[in-house]
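Protein chains: 2
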Amino acid sequence: MSYSALEQHFEQLHHLQHLGAICGWDQATMMPAGGNEARAEALGTLAVLCHQQLQDPRLGDWFTAAEHDALNAEQQQSLAEMRRAWRDATLLPADLVRARSLAGSRCEHAWRSLRPANDWAGFLPLFEEVVSLSREAASARADALGLSRYDSLLEQYEPGMRSQTLDGLFGELGGWLPGLIAEVQEKQRFETVLPLQGPFATDKQKALGLEVMGWLGFDFHHGRLDVSAHPFCGGVSEDVRLTTRYDEADVAQALMGIVHETGHARYEQGLPAQWRRLPVGQARSMGVHESQSLFFEMQLGRHPAFLARLAPLLAQHFGEQPAFAADNLARLYTRVKPGFIRVDADEVTYPAHVMLRYDIERDLIEGRLEARDLPERWDQLMQHYLGLSTKGNYTNGCLQDIHWTDGSFGYFPSYTLGAIYAAQLAEAMQQQLGTFERLIGEDLPAVFGWLEQKVWRHASLLSTEALMTQASGQALSAAPFERHLKQRYSG
Amino acid sequence: MSYSALEQHFEQLHHLQHLGAICGWDQATMMPAGGNEARAEALGTLAVLCHQQLQDPRLGDWFTAAEHDALNAEQQQSLAEMRRAWRDATLLPADLVRARSLAGSRCEHAWRSLRPANDWAGFLPLFEEVVSLSREAASARADALGLSRYDSLLEQYEPGMRSQTLDGLFGELGGWLPGLIAEVQEKQRFETVLPLQGPFATDKQKALGLEVMGWLGFDFHHGRLDVSAHPFCGGVSEDVRLTTRYDEADVAQALMGIVHETGHARYEQGLPAQWRRLPVGQARSMGVHESQSLFFEMQLGRHPAFLARLAPLLAQHFGEQPAFAADNLARLYTRVKPGFIRVDADEVTYPAHVMLRYDIERDLIEGRLEARDLPERWDQLMQHYLGLSTKGNYTNGCLQDIHWTDGSFGYFPSYTLGAIYAAQLAEAMQQQLGTFERLIGEDLPAVFGWLEQKVWRHASLLSTEALMTQASGQALSAAPFERHLKQRYSG
Ligand SMILES: [Zn+2]
Ligand SMILES: [Zn+2]
């Protein structure tokens with residue numbers, strides 16, 4: 012049976028990816044600096060091997076023959092996901108893949124010094140090369156998939172999502188967001204927020220983090236918590252490696268970072284055991300992944316009921332202080348302040364940073380915007396959404412993100428799609444199970460049980476659209492996100 | 012140039028082995044228990060892949076063509092080592108490899124419960140299957156290599172070593188060892204040794220261990236120290252992962268374990284950077300590897316001058332106690348007591364455990380001893396060397412080691428060859444640089460510099476015989492080991 016041959020082949024690929032995930036985690040958390048060069052080489056060889064595995068010439072025949080295999084519905088979806096992975100790996104001519112990878116490395120490498128130097132002029136020619144090759148790749152993908160150029164890139168991160176849908180969702184969001192931002196700022200202008208008084212010893216932060224992960228149902232039999240410069244959730248679903256970074260001056264950020272990553276981790280740990288070694292058993296999309304972390308961080312973590320449970324824990328680990336009062340924590344964790352930097356943004360202004368990037372990258376790829384005109388468009392949109400000028404400020408303007416330097420166009424929307432999905436799931440869950448006030452106070456396991464049933468166990472067995480519909484009974488919509496933000500920030 | 016193609020091919024293999032080494036280390040030190048099944052599968056796939064890499068059908072042609080390449084002497088040795096790795100991987104028919112691996116897994120798995128149950132009768136049929144398939148493999152290797160059956164297995168761990176040489180070395184050793192053991196026991200009978208008084212907190216043991224590793228020149232930029240159930244030295248030479256196990260009741264053993272593993276680690280860290288990715292850049296043999304760990308543990312670590320430096324460190328980390336006196340430490344660390352268990356044996360009785368196993372495994376493989384007669388021979392030899400009877404005691408007799416259960420015949424001699432090499436190196440070094448009294452007290456870096464020049468940098472560029480000769484100016488001999496033991500224990 013050809014389907015069996017395909018399963019075996021993709022399981023082997025999964026095993027290689029497992030080794031890469033663990034060695035990548037080790038590189039970020041455990042490896043002494045002197046091991047880096049050898050590790051990079053070893054991981055490079057593995058990447059080539061994984062690519063070869065997806066380009067095995069037998070695959071084409073197996074896929075054709077598998078169409079005649081008697082498969083149940085899940086196996087058919089499994090076959091479709093294998094085919095998608097194969098298609099993505101074989102669609103572009105090898106020359107173009109190589110050229111794009113080279114231009115991307117060159118641009119990203121230069122960016123590391125050009126960004127701090129605020130050197131747009133030095134960056135532009137390298138970036139133009141990346142844009143040009145990304146357009147070429149997008150064209151090739153577009154032709155093969157029957158999509159627009161930008162949609163063909165979006166498809167890599169958020170299968171099934173189209174810019175037409177995004178234009179609708181973001182258009183709606185963009186309609187009310189600037190007004191909400193202004194309103195909240197006005198409302199918070201005279202609010203008193205006590206800052207948390209440090210220092211907060213690393214080992215105590217870790218103990219607190221582990222306790223909160225325990226609350227949130229993280230399975231320590233299948234995962235662990237460590238430290239890395241850039242927090243992430245890695246490893247494999249049987250062994251999830253979550254990382255954080257401690258700042259002894261600030262416990263608030265590391266703690267909420269752990270809550271966020273625990274959302275990613277529980278999704279991974281909750282993927283169906285039966286399908287874990289195959290593409291269909293992986294997380295549905297970047298946006299759905301982010302919906303789980305934002306569900307944990309924003310819907311649960313910044314909810315007053317959650318912060319009311321957190322308050323005594325903080326006091327227990329670090330001693331009493333007035334700033335640990337539950338209502339102060341709630342004000343602290345819902346503070347809104349327009350700023351230049353996306354990764355530092357709060358829940359309300361974050362979508363503005365994303366919509367701005369979406370607008371630019373879509374037009375760049377579709378050929379409606381040129382790389383040289385990027386700073387001007389950036390400035391316009393920052394003015395429009397957040398009332399900030401980035402004229403001449405490239406460091407904290409259009410040079411702030413790594414994503415575009417290596418040509419990862421199409422990824423940014425995932426962040427705000429995640430927030431939109433999370434709000435829709437949270438609304439549906441509360442309609443079915445009762446309010447977060449009650450659930451967080453009395454029955455967190457019911458929250459996780461619901462997510463497991465509605466999201467985690469489905470892995471990639473459903474499309475995102477079907478996933479959202481069966482979970483919420485509604486088509487995808489930004490309305491729950493609007494209700495959530497308005498209720499929390501201007502209610 | 013075919014040699015270049017071979018280099019590239021073997022470098023790729025090395026990268027895969029790198030990933031396996033790190034993931035294997037992770038499995039022993041970091042991995043949560045629930046990750047084990049997936050990890051075992053992933054490492055299994057990697058093993059198959061490494062094997063396939065060595066069975067690539069292009070290799071034969073490349074090796075033939077490379078004979079016409081213009082190669083310098085080092086490249087020629089590199090070629091020879093690649094050819095050796097290839098030969099070892101392709102020599103046996105695939106059916107036999109599979110059957111042996113299966114029988115080995117089955118026997119090893121059963122042994123884990125049969126040993127504690129003292130169940131020789133249950134073990135025997137499984138072990139007979141392993142012996143029979145190992146003989147078959149040995150015959151195939153023997154035919155191809157023009158060696159005796161046992162020598163063809165020995166060749167895997169100790170290239171160039173022959174049972175004829177071993178018979179000579181061990182015959183000599185066996186002549187004076189029983190007498191020495193008796194003499195030392197008599198001498199130590201009325202000696203007072205104060206036991207070290209615990210508990211010794213794990214974090215303090217670790218701090219002390221790190222300090223001692225620092226003394227011994229371990230490069231923390233290219234390695235680290237962690238904890239595992241069974242201490243080992245893993246990772247890759249650019250990133251050596253050393254492990255230990257702490258017992259709060261006993262600091263002496265963990266500490267000397269760290270010294271031992273640091274010897275292995277420095278050999279790895281000292282391998283020549285230029286050759287690290289190729290077979291010729293790997294450690295020469297199991298025996299040479301063990302010679303470095305035993306040089307550190309036995310020649311240096313149990314030397315009175317070393318223990319005199321250790322004494323104040325112990326007091327500093329754990330507080331003063333009479334047992335920390337340098338002369339008490341020296342008595343403690345040179346205590347000789349015949350016992351049943353090889354891994355618990357002291358420096359003097361250890362070779363007896365090895366010679367006994369050598370005698371048995373050689374005859375088993377050559378067909379001069381049958382598996383069913385093993386307990387009787389074991390008992391005879393234990394009586395002869397150590398005056399202990401193991402009649403009916405399989406648990407602490409012939410069932411104590413894991414090595415034979417999966418058919419690793421030919422490995423045991425490495426332990427005592429390591430001790431013999433170490434003594435010969437130590438004698439030569441002291442002739443050239445001065446006594447250990449002075450070197451340990453004033454100039455440890457000279458010791459390591461000498462080892463780096465004479466052993467580490469040569470990797471597998473020289474045969475063991477050439478390595479020993481250029482280092483010591485003498486052919487391989489057990490005489491320095493005899494002088495060392497007699498001087499330390501009956502001097
Ligand atoms: Zn995230
Ligand atoms: Zn050793």
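Those protein sequences? They're chains B and A, same order as listed.
Position one of the first sequence corresponds to residue 12 (this note's numbering), numbered consecutively onward.
Position one of the second sequence corresponds to residue 12 (this note's numbering), numbered consecutively onward.
Ideal placement from N, C-alpha and C gives every residue a C-beta, glycine not left out.
C-beta atoms of residue i and residue j nearer than 7 Å
i	j	result
Ser474 of chain B	Gly171 of chain B	yes
Tyr422 of chain A	Val365 of chain A	no
Ala148 of chain A	Val247 of chain B	no
Tyr14 of chain B	Ala77 of chain B	yes
Leu305 of chain A	Gly429 of chain A	yes
Met309 of chain A	Glu358 of chain A	yes
Ala337 of chain B	Leu318 of chain B	yes
Ile431 of chain A	His314 of chain A	no
Gln216 of chain A	Tyr257 of chain A	yes
Glu92 of chain A	Val291 of chain A	yes
Residue i, buried or exposed, once every other Cβ within 10 Å from all chains shown has been counted against 16
i	result
Ala240 of chain B	exposed
Asn83 of chain A	exposed
Pro362 of chain B	buried
Asn404 of chain A	buried
Leu397 of chain A	buried
Asn339 of chain A	buried
Ser302 of chain A	buried
Thr416 of chain B	buried
Met12 of chain A	exposed
Pro333 of chain A	exposed
His495 of chain B	buried
Gln285 of chain A	exposed
Val352 of chain B	It should be noted that the sequence gives Ile, not Val, for residue 352 of chain B. With fewer than 16 Cβ atoms within 10 Å of its Cβ, Ile352 of chain B is classed as exposed.
His79 of chain B	exposed
Gln464 of chain A	exposed
Ile413 of chain B	exposed
Thr446 of chain A	exposed
Val223 of chain A	buried
Pro127 of chain A	exposed
Nearest-angstrom Cα separation, counted from residue j out to residue i
i	j	result
Phe243 of chain A	Gly234 of chain A	13 Å
Arg69 of chain A	Leu135 of chain B	45 Å
Ala53 of chain B	Gly35 of chain B	10 Å
Ser116 of chain B	Ser419 of chain B	12 Å
Val195 of chain A	Thr203 of chain A	14 Å
Asp106 of chain A	Arg342 of chain A	54 Å
Pro104 of chain A	Gly46 of chain B	38 Å
Ile269 of chain B	Val458 of chain A	48 Å
Gln442 of chain B	His25 of chain B	38 Å
Arg98 of chain B	Gln66 of chain A	30 Å
Ser483 of chain A	Glu279 of chain B	58 Å
Gln28 of chain A	Cys61 of chain A	8 Å
Pro43 of chain B	Val251 of chain A	9 Å
Ile33 of chain B	Thr254 of chain B	13 Å
Leu191 of chain B	Arg499 of chain B	11 Å
Asp374 of chain B	Ala490 of chain B	26 Å
Leu227 of chain B	Leu487 of chain B	26 Å
Glu139 of chain B	Leu289 of chain B	37 Å
Those residues which DSSP pairs with residue i across a bridge
i	result
Gly234 of chain B	B:Val251
Cys244 of chain B	B:Leu253
Mind listing, in chain order, the continuous alpha helix (DSSP H) runs of no fewer than 4 residues lying wholly within the region 143-190 of chain A?
-> The region 143-190 of chain A contains these whole alpha helix (DSSP H) runs: 160-168.
At 3 residues or longer, and completely inside the region 246-280 of chain B: list those beta strand (DSSP E) runs for me, N to C.
-> Segments of the beta strand (DSSP E) lying fully in the region 246-280 of chain B: 250-255.
Which ranges would you report for the alpha helix (DSSP H) in the region 83-126 of chain B if only whole runs of at least 4 residues count?
-> Along the length of the region 83-126 of chain B, whole alpha helix (DSSP H) runs at least 4 residues long occupy 84-101, 105-125, reported in chain order.
Taking the runs of the alpha helix (DSSP H) that are 4 residues or longer, which of them lie wholly in the region 420-486 of chain B?
-> With a minimum length of 4 residues, the continuous alpha helix (DSSP H) runs that stay inside the region 420-486 of chain B are 424-444, 447-453, 455-465, 475-483.
Uninterrupted alpha helix (DSSP H) stretches inside the region 51-82 of chain B (no shorter than 4 residues) = Entirely contained in the region 51-82 of chain B, the alpha helix (DSSP H) runs reaching 4 residues are, in chain order, 69-77.
Identify every run of the alpha helix (DSSP H) within the region 379-409 of chain B, keeping only runs that are complete inside it and at least 4 residues long; order them along the chain.
-> You should have 385-397.
Residues of the region 140-154 of chain B with a CB closer than 8 Å to any CB of chain D: list them in chain order, please.
-> The structure shown contains no chain D; the protein chains it does contain are B and A.
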